[in-house]
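**Student:** Quick note on my numbering: the sequence shown kicks off at 130 and runs consecutively.
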Amino acid sequence: MTLYLSGRLICSDAKQAEIVRAHLPEHIRLTHLEPGCQSFQVTQTDDPLVWMVEEAFTDRAAFDAHQARTRASDWGHATKGIPREYEIRED
130 MTLYLSGRLI
140 CSDAKQAEIV
150 RAHLPEHIRL
160 THLEPGCQSF
170 QVTQTDDPLV
180 WMVEEAFTDR
190 AAFDAHQART
200 RASDWGHATK
210 GIPREYEIRE
220 D
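Right, dumping it as structure tokens:
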């Protein structure tokens, strides 16, 4: 059953937005290399402080592995305090 995540990453100021811009390319690159990653997109919206996030993983186990890797990564540490609003569904 494919797991989908969609939502937003919402920075509170320009400093947080710069942290996202600095770390995002490597986070995307590493995520695309993960087993079970079907798609992973993080795109800045018209609001320079907000990014749309769309992810698809082959199953819950692949998604859980992604979450664990992310928490331990440079991205995870650098963006830990930035709010996220996500919805997860499985089809």
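The beta-carbon is built from N, C-alpha and C at its ideal position, and this holds for glycine as well.
Given Glu184, which residues of its chain have a CB within under 6 Å of its CB, disregarding the five upstream and five downstream residues?
**Tutor:** Your numbering for residue 184 matches position 55 in the sequence shown. Counting only Cβ-Cβ distances below 6 Å, and skipping sequence neighbours, we find Leu134, Phe169.
**Student:** Have a look at the DSSP bridge pairing and note the partners of Phe192.
**Tutor:** Residue 192 sits at position 63 when you count from the first residue of the sequence shown. The partner list for Phe192 (beta bridge, DSSP) is empty, contrary to what the question assumes.
**Student:** For Thr172, count the other beta carbons within 10 Å of its own beta carbon; 16 or more makes it buried, fewer makes it exposed. Which is it?
**Tutor:** As a working note, residue 172 is residue 43 in the sequence shown. Exposed, by the Cβ-count rule.
**Student:** Of the choices Ala201, Glu214, Gln145, whose alpha-carbon is the least far from that of Gln159?
**Tutor:** Taking the first residue of the sequence shown as 1, we reach residue 159 at position 30. First, the amino acid is wrong: residue 159 is Leu here, not Gln. Considering only alpha carbons, the answer is Ala201.
**Student:** Just how far apart, CA to CA, sit Lys144 and Pro154?
**Tutor:** Translated into positions along the sequence shown, residue 144 becomes position 15. Translated into positions along the sequence shown, residue 154 becomes position 25. Each residue's Cα considered, the two are about 17 Å apart.
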